[in-house]
Amino acid sequence: MSAHGCNVIIRKIGADYLALPENFRIHDLEKFNLNRFRFRGALSTASIDDFTRYSKDLADEGTRCFIDADNMRAVSVLNLGTIDEPGHADNTATLKLKKTAPFSALLSVNGERNSQKSLAEWIEDWADYLVGFDANGDTIQATKAAAAVRKITIEANQTADFEDNDFSGKRSLMESVEAKTKDIMPVEFEFK
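Residue numbers (numbering that gives the first Met the number 0): 0 to 191.
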């Protein structure tokens, strides 16, 4: 009996459960059939093209794609179905991207404290993958940005004012820090 046939019977009965003797077991007869009763598969790939092709070709109503950006992973459930007609959710496509050497290098410096020299060297090492931008949004070549980072001068000034009266007192402290370079200072980078 097909899944559709079972659904027709279940709807006629009007119940989701049925009492059966305890010693009976359900046997799946699909393995004795020439073909499967319904299509299902599990593609697992690192190729974006293969993932999208498989997902588009087999997409059905209620298909969903779940993306895990932190782990560079996506899963399309192609027969998830809808709320009214849920599917079996066993036809999936999984994409797991591999970290390239440049991306791993980016992750290794992201959020880390770097010395001026080590940051400039990192920018030079990965210049083929970096584009710098100045405060106006204009592009700066990565090699020029690295040179600007090497030549940064940091000036710190501190001013303190104190005033004491018989019944009052006032203190103020002002600090200013400024980073300067003779070259155009990069304010952000894009990693390609």
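Just so it is clear, CB atoms sit at the ideal spot from N, CA and C, and this is done for glycine as well.
Kindly give me the distance between the Cβ atoms of V148 and L118, rounded to whole angstroms, as I take these residues to be in contact under 8 Å.
Yes, V148 and L118 are in contact; Cβ-Cβ is about 6 Å, under 8 Å.
Within the chosen definition, does the region 20 to 31 reach the region 62 to 80 through at least 3 CB pairs nearer than 8 Å?
As far as the Cβ criterion goes, the region 20 to 31 does not touch the region 62 to 80, which means the pair count is below three.
Figure out for me which residue from L105, W125, S54, H3 has the closest Cα to the Cα of I36.
The identity of residue 36 in the sequence shown is Phe, whereas the question assumes Ile. Nearest to F36 by C-alpha distance, out of L105, W125, S54, H3, is H3.
To the nearest angstrom, report how far apart R10 and A88 are at their CA atoms.
Spanning the alpha carbons of R10 and A88 requires a straight line of approximately 21 Å.
So, at 7 Å on beta carbons, what are the nonlocal neighbours of I139 in its own chain, with the 5 sequence-adjacent residues on each side left out?
Here the set comprises G131, F132, D133, I183, P185.
Taking only runs that begin and end inside the region 134 to 160, name each unbroken alpha helix (DSSP H) of 4 or more residues, in chain order.
Complete alpha helix (DSSP H) runs here, min 4: 141 to 149.
Cα-Cα separation between K116 and K97, rounded to whole angstroms:
So the two alpha carbons sit approximately 30 Å from each other.
Looking at the secondary structure, which residues open and close the beta strand (DSSP E) in which T51 lies?
In the DSSP annotation of this structure, T51 is not part of any beta strand (DSSP E); the continuous alpha helix (DSSP H) holding it starts and ends at 47 to 57.
I122, enclosing alpha helix (DSSP H) - first and last residue:
I122 -> alpha helix (DSSP H) spans 115 to 124.
N-terminal and C-terminal residue of the beta strand (DSSP E) that A73 is part of:
It spans 72 to 76 - the beta strand (DSSP E) in which A73 sits, taken as one unbroken run.
Is S175 helix, strand or coil by DSSP?
In the structure shown, S175 sits in a strand (DSSP, three-state: E or B).
Proximity below 8 Å, CB of L172 to CB of T93
One thing to note: L172 has its Cβ no nearer than 8 Å to the Cβ of T93.
Given G61 as reference, the closest of A126, I47, Y53, E84 once Cα atoms are compared:
The residue with the shortest Cα to Cα distance from G61 is E84.
Could you check where the alpha helix (DSSP H) with S167 kicks off and where it finishes?
S167 -> no alpha helix (DSSP H), and no H or E assigned at all.
Figure out for me which residue from A144, T91, F38 has the closest Cα to the Cα of F65.
Nearest option by C-alpha distance: T91.
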